[in-house]
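Asks: Residue numbers (the numbering used here), protein chains in the order written: chain G, 603 to 991; chain U, 835 to 932.
Here a beta-carbon is modelled for each residue, glycine too, at the ideal position from N, C-alpha and C.
As the structure is a computational prediction, the values presented were derived from the model and not from experiment.
Handing you this structure, nothing more for now.
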Amino acid sequence: MKHTLTDDKLTLFLAGRIDSANAAETEAEVQQICEAETFTSIVLDMDELEYISSAGLRIVLRLLKAHPGLTVVNVSAEVYEILEMTGFTEMLPVTKAYRKLSVDGCEIIGKGANGTVYRWDRDTILKVYHNPDSLPDIQRERELARKAFVLGVPTAIPYDVVRVGDSYGTVFELLNAEVFAQKLNKEPEWLDECAHRLVDLLKIIHGTVVKPEDMPDQKAVTLGWAKFLKDYLPADQYEKLYALIDAIPEDHHMMHGDYHAKNVMLQNGESLLIDMDTLCQGHPVFEFASIFLAYQGFHEPTPPEFIDFMGLPYAACRELLHRIMKYYFNVEDEAAYNHILDKARVIGYTRLMRRTIRRDPDSEAGKALIAHCAAQLAILLNTVDSLTF
Amino acid sequence: MIIEKKIINKTLEIALTGRLDTVTAPDLESELTASIDGIEHLVMDFTKLEYISSAGLRVLLSAQKMMNEQGSMEVCHVNDSIREVFDITGFTDVLTIK
């Protein structure tokens with residue numbers, strides 16, 4: 603029997619069939635390993651176990667008596683059914699194995715930086731992540747999407763996490779939908795409706811209250827960004843920046859965190875939110891900081907005519923930002939609009955400056971962007987006295 | 835999808851046959867909006883429902899919210915695959931499933 607010992611945790615790997623024919627032998631092996639090793643917790647890995655009879659279950663029972671912290675992991679659907687029927691799933695923690703899927707012959711419908719999307723069947727797609735170590739991130743995104751879905755935010759159903767070869771993936775509901783940015787590029791006259799739709803959905807998201815423990819607190823994240831800039835900003839500016847962010851009241855409303863026209867889709871007249879890994883909670887000013895960056899900030903100081911990442915002309919991005927602000931805040935005149943946008947820009951440049959210092963501090967473009975952020979912050983911190991609205 | 839509707843006293847019973855998806859969900863929504871006034875008990879019979887999409891789940895969610903205000907709602911005779919969708923999405927905790 604294979605076994606491993608890591609950080610005082612002993613894992614025993616059960617394989618094949620365990621029934622009356624080999625139960626005694628299996629138990630002797632288990633005992634031998636337990637006596638030979640020193641450990642504080644014990645786990646049974648059933649990934650390769652096909653069948654377990656009552657004789658096998660009695661081994662598990664005796665092991666549980668001797669080690670009350672015993673857990674069972676990687677249980678196939680068949681073995682899980684046995685454990686459930688016999689009441690074992692109520693006696694000790696049992697974790698199911700991920701379904702194993704093969705994408706051989708599946709149609710590829712999209713490829714991104716992190717993964718490939720396949721059509722799985724009539725109603726579902728399978729997103730396979732390239733990085734085999736991405737499991738915690740996958741589980742995190744799925745959990746966030748699930749919470750938002752139950753709270754009534756329109757999005758695709760995240761089904762289960764699965765194994766695909768050495769990688770992991772998530773099965774999602776297939777949407778017969780078009781990305782907003784794509785539709786807008788084809789039909790420029792759709793811009794006004796697009797802005798209204800983005801605002802309507804944003805108000806649903808911002809009107810949803812979440813539990814403090816369910817999603818990250820964006821204020822804490824933003825304070826972290828500001829702290830990073832301590833050595834890069836004049837002391838008085840840094841202190842004002844920190845105090846401004848710190849004064850934003852605690853807020854448990856949901857925000858998307860990366861809300862732009864590529865993360866919203868249109869299906870049968872309904873707007874649907876996708877890419878839920880950035881969901882968090884906080885005051886809407888944090889959302890508008892990221893909206894500002896997506897449509898404008900990221901492309902400064904010398905924006906190209908066409909924004910490849912968005913698939914839209916820069917002029918359309920600016921106009922979209924303008925109308926989103928106008929409709930969300932119900933403001934008409936330029937001054938009122940800029941007054942609110944400046945608050946979001948303070949946070950936007952804070953994030954962009956930190957990000958550029960970390961990712962691209964030495965290139966000419968990087969240096970220019972860092973100087974641009976610092977200059978904008980210097981102007982804004984001189985005039986902005988509160989980040990709330 | 836076929837929607838069969840029955841009102842007895844203040845109980846509204848809705849039986850669905852087929853697929854409750856993005857195409858058919860608006861039909862269910864308008865049937866509900868038309869009949870829910872004064873209803874104290876809503877029963878959704880899923881005996882013959884084969885599939886439910888996120889659009890269908892959202893209609894259930896808003897029906898549940900309405901019924902929280904004016905009475906109660908239950909979903910009954912749910913098949914295994916739809917029950918799994920309820921489990922996976924966390925709807926098991928939101929709906930009363932019988």
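#1: Exposed or buried, what is leucine 881(G) when buried is set at 16 or more other beta-carbons lying within 10 Å of its beta-carbon?
#2: Arginine 892(U) touches chain G at which residues, Cβ-Cβ below 8 Å?
#3: Give me, in chain order, the residues of the same chain whose beta-carbon lies closer than 6 Å to that of glycine 899(G); leave out the 5 immediate sequence neighbours on both sides.
#4: Which residues bound the beta strand (DSSP E) around asparagine 676(G)?
#5: For a test of the three-state rule: what should DSSP assign to methionine 927(G), helix, strand or coil?
#6: Which two residues bound the contiguous beta strand (DSSP E) that contains proline 760(G)?
#7: Hey, how far is the Cα of histidine 901(G) from the Cα of isoleucine 926(G)?
#8: Does any C-beta atom of chain U lie closer than 7 Å to the C-beta of glutamine 869(G)?
#9: Tell me the DSSP bridge mates of valine 696(G)?
#10: Glutamine 898(G) by DSSP, collapsed to three states: which one?
#11: Count the other CB atoms, across all protein chains shown, that sit within 10 Å of the CB of aspartate 811(G); report buried if there are 16 or more and exposed otherwise.
#12: When the Cα of lysine 702(G) is compared with those of Pro915(G), Glu795(G), Ile635(G) and Asp649(G), which residue comes out closest?
#13: Could you pull out every residue in the same chain whose Cβ sits closer than 8 Å to the Cβ of arginine 724(G), ignoring the five residues on either side in sequence?
#14: Buried or exposed, going by whether 16 or more other CB atoms sit within 10 Å of the CB of threonine 952(G)?
#15: Find out if the Cβ-Cβ distance for the pair leucine 895(U), glycine 754(G) is shorter than 7 Å.
#16: Using a Cβ cut-off of 7 Å (strictly closer), state whether valine 943(U) contacts chain G.
#17: Assuming arginine 724(G) is part of the alpha helix (DSSP H), what are its boundary residues?
#18: Closest to asparagine 716(G) by CA distance: which of Thr772(G), Ala626(G) and Glu907(G) is it?
#19: DSSP on serine 892(G), reduced to helix/strand/coil?
#20: Please report the straight-line C-alpha distance between serine 643(G) and leucine 891(U), rounded to a whole angstrom.
#21: Counting only C-beta atoms, is isoleucine 841(U) closer than 7 Å to chain G at any point?
#22: Kindly list the residues whose CB is nearer than 7 Å to the CB of histidine 854(G), restricted to its own chain and excluding five residues on each side of it in sequence; keep chain order.
#23: Within 10 angstroms of the Cβ of serine 965(G), are there 16 or more other Cβ atoms? Answer buried if so, exposed if not.
#24: Do you know how far the Cα of tyrosine 930(G) is from the Cα of tyrosine 770(G)?
#25: Would the stretch 688–703 of chain G and the stretch 671–678 of chain G be scored as touching if the rule is three or more Cβ pairs under 8 Å?
#26: In three-state terms, what does DSSP make of threonine 757(G)?
#27: Pull the bridge partners of arginine 701(G) from the DSSP assignment, please.
#28: Expressed to the nearest angstrom, what Euclidean distance is found between the alpha-carbon atoms of glutamate 863(U) and histidine 605(G)?
#29: Does the stretch 728–735 of chain G touch the stretch 846–866 of chain G, meaning 3 or more C-beta pairs lie closer than 8 Å?
#30: Taking just the CA atoms, how far does isoleucine 684(G) sit from phenylalanine 615(G)?
#31: Going by C-alpha to C-alpha distance, which of Val823(G), Leu607(G), Glu872(G) and Leu646(G) sits closest to threonine 640(G)?
#32: Compare the C-beta of isoleucine 870(U) with all C-beta atoms of chain G and state if any pair is closer than 7 Å.
#33: Which runs of the alpha helix (DSSP H) fall wholly inside the stretch 928–984 of chain G and span at least 4 residues, in chain order?
#34: Give me the Cα-Cα distance between asparagine 778(G) and aspartate 877(G), rounded to the nearest whole angstrom.
#35: Name the chain G residues whose beta carbon is nearer than 8 Å to that of valine 857(U)?
Replies: Here's the rundown:
#1: As a first step, residue 881(G) must be located in the first sequence, where it is residue number 279. Classification for leucine 881(G): buried.
#2: Position 58 of the second sequence, counting from 1, holds the residue named residue 892(U). Here the neighbours are Gly754 and Pro756.
#3: The residue labelled residue 899(G) in the question sits at position 297 within the first sequence. The answer, listed in chain order, is Gly950 and Leu954.
#4: Start at 1 with the first residue of the first sequence, and residue 676(G) comes out as number 74. Segment 673–677, the beta strand (DSSP E) holding asparagine 676(G).
#5: For the purposes of this step, residue 927(G) is taken as the residue at position 325 of the first sequence. DSSP places methionine 927(G) in helix when its eight states are reduced to three.
#6: Within the first sequence, residue 760(G) is the residue found at index 158, counting from 1. Proline 760(G) -> beta strand (DSSP E) spans 760–766.
#7: For the purposes of this step, residue 901(G) is identified with residue 299 of the first sequence, where counting begins at 1. For the purposes of this step, residue 926(G) is identified with residue 324 of the first sequence, where counting begins at 1. When rounded, the distance between both Cα atoms is 18 Å.
#8: Within the first sequence, numbered from 1, the residue matching residue 869(G) stands at position 267. Yes, its Cβ sits closer than 7 Å to a Cβ of chain U.
#9: Within the first sequence, the letter at position 94 stands for residue 696(G). Per DSSP, Val674(G).
#10: Taking the first residue of the first sequence as position 1, residue 898(G) is located at position 296. DSSP places glutamine 898(G) in coil when its eight states are reduced to three.
#11: Counted from its first residue, the first sequence places residue 811(G) at position 209. First, the amino acid is wrong: residue 811(G) is valine here, not aspartate. By the neighbour-count rule (16 or more Cβ atoms within 10 Å), valine 811(G) is not buried but exposed.
#12: Looking up residue 702(G) in the first sequence gives position 100. Minimum Cα distance to lysine 702(G) is reached at Asp649(G).
#13: Locating residue 724(G) in the first sequence gives position 122, where the first residue counts as 1. Cβ neighbours of arginine 724(G) beyond the five flanking positions: Leu776.
#14: Taking the first residue of the first sequence as 1, we reach residue 952(G) at position 350. With 16 or more other Cβ atoms within 10 Å, it is buried.
#15: Stepping through the second sequence from its first residue, residue 895(U) is reached at position 61. Stepping through the first sequence from its first residue, residue 754(G) is reached at position 152. Yes, they are a contact pair.
#16: Nothing can be reported for residue 943(U), as the shown portion of chain U is limited to 835 through 932.
#17: Residue 724(G) sits at position 122 when you count from the first residue of the first sequence. Element bounds for arginine 724(G): n/a, residue is neither H nor E.
#18: Numbered from 1 along the first sequence, position 114 holds the residue referred to as residue 716(G). Among Thr772(G), Ala626(G) and Glu907(G), the Cα nearest to that of asparagine 716(G) belongs to Thr772(G).
#19: If you number the first sequence from 1, residue 892(G) lands on position 290. Correct three-state label for serine 892(G): helix.
#20: Locating residue 643(G) in the first sequence gives position 41, where the first residue counts as 1. Locating residue 891(U) in the second sequence gives position 57, where the first residue counts as 1. So the alpha carbons of these two residues sit roughly 41 Å apart.
#21: Position 7 of the second sequence, counted from the start, is the residue given in the question as residue 841(U). It does not; no Cβ of chain G falls within 7 Å.
#22: In the first sequence, the residue the question calls residue 854(G) occupies position 252. Closer than 7 Å at Cβ, skipping near neighbours: Val811, Val812, Pro814 and Gln883.
#23: Here the question's residue 965(G) lines up with position 363 in the first sequence. When all chains shown are included, serine 965(G) counts as exposed.
#24: As a working note, residue 770(G) is residue 168 in the first sequence. As a working note, residue 930(G) is residue 328 in the first sequence. When rounded, the distance between both Cα atoms is 39 Å.
#25: yes
#26: As a working note, residue 757(G) is residue 155 in the first sequence. The answer is strand: DSSP assigns threonine 757(G) an E or B state.
#27: Walking along the first sequence from the start, residue 701(G) turns up at place 99. Answer by DSSP bridge pairing, in chain order: Val764(G).
#28: The residue you call residue 863(U) lines up with position 29 of the second sequence. The residue you call residue 605(G) lines up with position 3 of the first sequence. Near 55 Å, if we compare the C-alpha coordinates of histidine 605(G) and glutamate 863(U).
#29: no
#30: One-based indexing of the first sequence puts residue 615(G) at position 13. One-based indexing of the first sequence puts residue 684(G) at position 82. Taking the straight line from one Cα to the other gives about 18 Å.
#31: As a first step, residue 640(G) must be located in the first sequence, where it is residue number 38. Out of Val823(G), Leu607(G), Glu872(G) and Leu646(G), Leu607(G) has the C-alpha closest to the C-alpha of threonine 640(G).
#32: As a working note, residue 870(U) is residue 36 in the second sequence. No, isoleucine 870(U) lies away from the interface with chain G (no Cβ there is under 7 Å from its Cβ).
#33: 936–961
#34: Reading the first sequence from its first residue, position 176 is the one you call residue 778(G). Reading the first sequence from its first residue, position 275 is the one you call residue 877(G). Approximately 16 Å between the Cα atoms of the pair.
#35: Taking the second sequence and counting its residues from 1, one reaches residue 857(U) at position 23. Within 8 Å Cβ-Cβ: Asn870.
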